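Just below is one structure, and these are the notes that go with it.
Residue numbers (the numbering used here): 1 to 110.
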């Protein structure tokens, strides 16, 4: 005698569900693997884009720094020249004051 028909059909039904589940699971694994590959490519592309963006930004900073250095360099040179003139004038005034004081205290200056 064999297995009753109802039990045989029940076993086929269980095996059919298991096969369907395994097939579905395999499909999900493949889809996730594909998604992971696409994500990795997107991340690599994003990193490359970020690298080029940062390089361009650094080049912009360097250009701005060079322009600022030229502009402030001229201003600094002008400031130093003005200070030199003021100091020279003050030294002459101080020398004249000392000469006047010397003349007042000691008479005619040599």
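C-beta: ideal position from N, C-alpha, C; glycine also.
Note that this is a predicted model, so its numbers are computed, not measured.
Q.
Distance check for residue 29 and residue 44, CA to CA, integer angstroms please.
A. About 22 Å.
Q: Could you tell me the distance, in whole angstroms, from the CA atom of residue 23 to the CA atom of residue 16?
A: Between residue 23 and residue 16, the C-alpha separation is close to 10 Å.
Q | Rounded separation between residue 37 and residue 54 - CA only | A | In a straight line, the C-alpha of residue 37 is about 26 Å away from that of residue 54.
Q) How is residue 92 classed by DSSP in three states: helix, strand or coil? A) Helix at residue 92.
Q: Output the distance between the C-alpha atoms of residue 69 and residue 94, rounded to the nearest integer angstrom.
A: So the two alpha carbons sit approximately 36 Å from each other.
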